[in-house]
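Enquirer: Just so we're aligned, residue 800 is where the sequence shown starts under the numbering used here, counting upward by one.
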Amino acid sequence: MTTPATSIAPTVAAGMTPAQARDPDYFPGLAVAVPLGIQHVLAMFVSNMTPAIIVAGAAGFGYGAADTSEMIYMIQMAMLFAGIATLLQTIGFGPVGARLPLVQGTSFAFIPIMIPIVAGKGVAAMAALTTAALFGGLLHAGLSFFVGRIRFALPPMITGLVVLMIGLSLMRIGVQYAAGGVPAVGTPAFGAWQSWLLAGVVVAVTLGLNFFARGIWSTAAVLLGLLAGYGAALAMGRVDFAPVASAGLVMLPMPFHFGFALSASAIVGFCLTGFVSSIESIGDVDAICEGNAGRPASDRELSGAVCADGVGTALAAVFGAMPNTTFSQNVGLIAITGVMSRHVVTIGALFLIACGLLPKVGAVITTIPIEVLGGGVIVMFGMVASAATSMLAGVDWTQRNMLIFGVSLSLALGLQLEPEALQHLPETLRILLGSGVLPAAVTAVGLNLLVPGRTGLRTGA
């Protein structure tokens, strides 16, 4: 997802030369770096915490559960390890990190894999999920040494299809949340006008700020939309502050908080999805270097970025957090501000780490009514699908490519919509084939490599 092309670049550029603005190693001073760093956090804050909330809800210990303490822990870890993984990118450590202003956050790409693993199984299912994320992260890091050799297998047609499937797979969740969430399904409360009103306030404010506001008001539109919905919920008496009062002052990460459990289907799913996620990271690095530094990304930067993705995911998994990836909306934000300094993003990462250690922050987030979150999720997942159409716009739509795309999309979406069609398969295959994303990727990659007539992008694309 990218942010609208409003600009605060002239204000920033007044204090530095164009060459300094394009230099990742240049530090613009605290007066510029602190507000821009916090702006980066505002741009990704909601997207970063949403996967943890979705997974907790699918498992049964999220919104509406008697005890949401484990969801609060996951939200805290999402912030903490997004900050730590971002430091791996901006500061680097040996071969780890691109040393570029890349913001890391919890990945949407893995949600279609994670939901079947934990669906209705409670906190106990998290052990298999985080263990699989650990293995997937290590494989992801290993792929960094082969970045140049695997790019040919995933042209824009395939990466665009995968991103589209991610968006399509998640849209049902947004509507479900906006209508009242899983606890309300099957009751008269599900789909009540009060629920849609709260979600509608979030969508309306978010769109209004995106279309008509400028600078940080537009960049943080989703967050501000959530705050508007939260205010409406307060006025309607729909907010309960009990979790905030009971939350502690400091929360430290615990190794293997959810335990350790091996699941073949989960490990295979995370490893395959990590392969696709690595290509998304490559695209972000290409975009930030070509669009902001005016040069192509080096092999060192590409491999370092992918390696940091994998190491960040593995490290987060050890402490019960979700997989990490580079956030495209923050790449777009750099184009808006015109400041390429990695030190700006480092300050944002430190702010995230501070939030991750304060459980009161996570507790406040859990007081947001699920309908309010649903309004934000509808916008975010719609933007994921929109980003996919942008990626697909450069594809040469020959009959061959249309057939490959159509068959892959039809099979993947059909299996996801009708999971009972897989009931005679082993559990591992049911989870993998029912995810939507993996069958789309595997089918498209296989057909693209096997069917003759492979071509590149449309001329001029």
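Ideal Cβ placement from N, Cα and C applies to all residues, glycine included.
Taking the beta carbon of histidine 839 as the centre, do at least 16 other beta carbons fall within 10 Å, making it buried, or is it exposed?
Expert: Buried, by the Cβ-count rule.
Enquirer: Which runs of the alpha helix (DSSP H) spanning at least 4 residues fall entirely within the region 993-1052, listed in chain order?
Expert: Here the runs fully enclosed are 1015-1018, 1020-1034, 1041-1045.
Enquirer: Along the chain, where does the beta strand (DSSP E) containing threonine 905 start, and where does it finish?
Expert: Run containing threonine 905: 903-905, per the beta strand (DSSP E) assignment.
Enquirer: Check whether the Cβ atoms of valine 1236 and methionine 964 lie closer than 8 angstroms to each other.
Expert: In this structure, methionine 964 lies closer than 8 angstroms to valine 1236 by Cβ.
Enquirer: Measure the Cβ-Cβ separation of valine 1043 and serine 1077 and say whether it is below 8 angstroms.
Expert: No, the pair does not count as a contact, with Cβ atoms beyond the cut-off.
Enquirer: Using a Cβ-Cβ cut-off of 7 angstroms (strictly less than) and excluding sequence neighbours within five positions of leucine 960, which residues of its own chain qualify?
Expert: Excluding residues within five positions, the ones whose Cβ falls inside 7 angstroms are Phe1204, Ser1207, Leu1208, Ala1239, Ala1243.
Enquirer: Count the C-beta pairs between the region 906-923 and the region 1141-1160 that are closer than 8 angstroms, then say yes if the count reaches three, no if not.
Expert: In short, these stretches do not touch, since the Cβ pair count stays below three.
Enquirer: Tell me whether phenylalanine 944 is buried or exposed, calling it buried when 16 or more other Cβ atoms sit within 10 Å of its Cβ.
Expert: Per the 10 Å Cβ criterion, exposed.
Enquirer: Leaving aside the five residues before and after proline 1054 along the sequence, list all residues of the same chain whose C-beta is less than 8 angstroms from its C-beta, in chain order.
Expert: Excluding sequence neighbours, proline 1054 sits near Val1117, Phe1118.
Enquirer: Give the DSSP-derived three-state secondary structure of phenylalanine 826 in the structure shown.
Expert: Here phenylalanine 826 sits in coil by DSSP.
Enquirer: So threonine 1125 is in the beta strand (DSSP E); what residue range does that whole segment cover?
Expert: Start and end: 1123-1125.
Enquirer: Applying the 10 Å Cβ sphere with the 16-neighbour rule, what's the burial state of proline 1095?
Expert: Exposed, since its Cβ has fewer than 16 Cβ neighbours within 10 Å.
Enquirer: Let me make sure I understand the geometry here. Which of Leu937, Thr849, Glu1079 has the alpha-carbon closest to that of isoleucine 949?
Expert: Ranking the options by Cα distance to isoleucine 949, first place goes to Glu1079.
Enquirer: For valine 895, list the residues DSSP reports as bridge partners.
Expert: In the DSSP output, where bridge partners are listed per residue, valine 895 has Phe892.
Enquirer: Mapping the DSSP letters down to three states, classify valine 1194 as helix, strand or coil.
Expert: Strand, per DSSP.
Enquirer: Assess contact between the region 889-901 and the region 909-929, defined as three or more Cβ pairs (one per stretch) separated by less than 8 angstroms. Is contact present?
Expert: No, because fewer than three Cβ pairs between the region 889-901 and the region 909-929 fall closer than 8 angstroms, the two stretches do not touch.
Enquirer: Please classify glutamate 869 as buried or exposed, where buried requires at least 16 other C-beta atoms within 10 Å of its C-beta.
Expert: The residue is buried, with at least 16 neighbouring Cβ atoms inside 10 Å.
Enquirer: Quick one: grab the DSSP three-state call for threonine 867.
Expert: Reduced to three states, the DSSP call for threonine 867 is coil.
Enquirer: So arginine 821 and alanine 1211 are in contact, right, with Cβ under 8 angstroms, and what is the actual spacing, rounded?
Expert: Contact doesn't hold; Cβ gap of about 40 angstroms is too wide.
Enquirer: Between the Cα of threonine 1124 and the Cα atoms of Val1075, Gly861, Leu1172, which residue gives the shortest distance?
Expert: Considering only alpha carbons, the answer is Val1075.
Enquirer: Can you say whether histidine 1142 is buried or exposed, counting buried as having 16 or more other CB atoms within 10 angstroms of its CB?
Expert: Buried: at least 16 other Cβ atoms inside 10 Å.
Enquirer: Classify glutamine 1222: buried if its beta carbon has 16 or more other beta carbons within 10 angstroms, exposed otherwise.
Expert: By the neighbour-count rule (16 or more Cβ atoms within 10 Å), glutamine 1222 is not buried but exposed.
Enquirer: Quick one: what does DSSP say methionine 843 is sitting in, helix, strand or coil?
Expert: Note: methionine 843 maps to helix in three-state DSSP.
Enquirer: Can you tell me the Cα-Cα spacing of isoleucine 1230 and alanine 1187, whole angstroms?
Expert: Distance between the alpha carbons of isoleucine 1230 and alanine 1187 is about 24 angstroms.
Enquirer: For a minimum of 3 consecutive residues, which ranges assigned as the beta strand (DSSP E) are wholly contained in the region 1068-1150?
Expert: Here the runs fully enclosed are 1123-1125.
Enquirer: Cβ of glycine 836 within 8 angstroms of Cβ of isoleucine 1146?
Expert: In contact: glycine 836 and isoleucine 1146 (Cβ atoms closer than 8 angstroms).
Enquirer: Is DSSP giving alanine 952 helix, strand or coil here?
Expert: Note: alanine 952 maps to helix in three-state DSSP.
Enquirer: Taking all protein chains shown into account, do 16 or more other C-beta atoms lie within 10 angstroms of the C-beta of valine 1250, making it buried, or fewer, making it exposed?
Expert: Valine 1250 is exposed by the Cβ-count criterion.
Enquirer: Go ahead and label valine 811 buried or exposed: buried means 16 or more other beta carbons lie within 10 angstroms of its beta carbon, across all protein chains shown.
Expert: With a pLDDT of only 44 at valine 811, under 50, the local geometry of the prediction cannot be trusted, and no value is derived from it.
Enquirer: Which class does tyrosine 872 belong to by DSSP, given the choice of helix, strand or coil?
Expert: Looking at tyrosine 872 - three-state DSSP - the assignment turns out to be helix.
Enquirer: In this structure, does DSSP put isoleucine 1167 in helix, strand or coil?
Expert: Coil, per DSSP.
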